[in-house]
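Undergrad:
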């Protein structure tokens with residue numbers, strides 16, 4: 132599955148998108164575990180010390196934030212689009 136990356140996540144992974152192994156029905160949590168195998172530093176960027184998704188990190192499936200779905204238990208299929216957005220500040 133291709134995962135689109137934005138802002139600092141692109142810098143960490145060195146690309147605009149990455150690919151991870153995928154089977155239909157895999158959860159977002161399992162997909163992120165696969166990301167951490169390839170890019171271990173992403174885990175500390177996405178999760179806090181209690182292993183919860185950081186509040187200002189946004190994970191989208193088909194343009195919908197997973198907090199409005201089933202969170203990390205959200206299941207995805209091969210035609211779904213996944214995107215990771217880090218905290219962004221502006222002013």
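Residue numbers (the numbering used here): 132 to 222.
Cβ coordinates follow ideal geometry from the N, Cα and C atoms, glycine included.
Which residue comes first and which comes last in the beta strand (DSSP E) that contains residue 177?
TA: Run containing residue 177: none in the beta strand (DSSP E); it sits in the alpha helix (DSSP H), 172-177.
Undergrad: Could you tell me which residues DSSP puts in a beta bridge with residue 214?
TA: Partner(s): 135 and 191.
Undergrad: Terminal residues of the continuous alpha helix (DSSP H) containing residue 159?
TA: Where residue 159 is concerned, the enclosing alpha helix (DSSP H) stretches over 159-169.
Undergrad: So which of 193, 202, 184 and 194 has the shortest CA-CA distance to residue 217?
TA: That would be 184, whose Cα lies nearest to the Cα of residue 217.
Undergrad: If you draw a straight line from the alpha carbon of residue 205 to that of residue 153, how long is it in whole angstroms?
TA: Between residue 205 and residue 153, the C-alpha separation is close to 14 Å.
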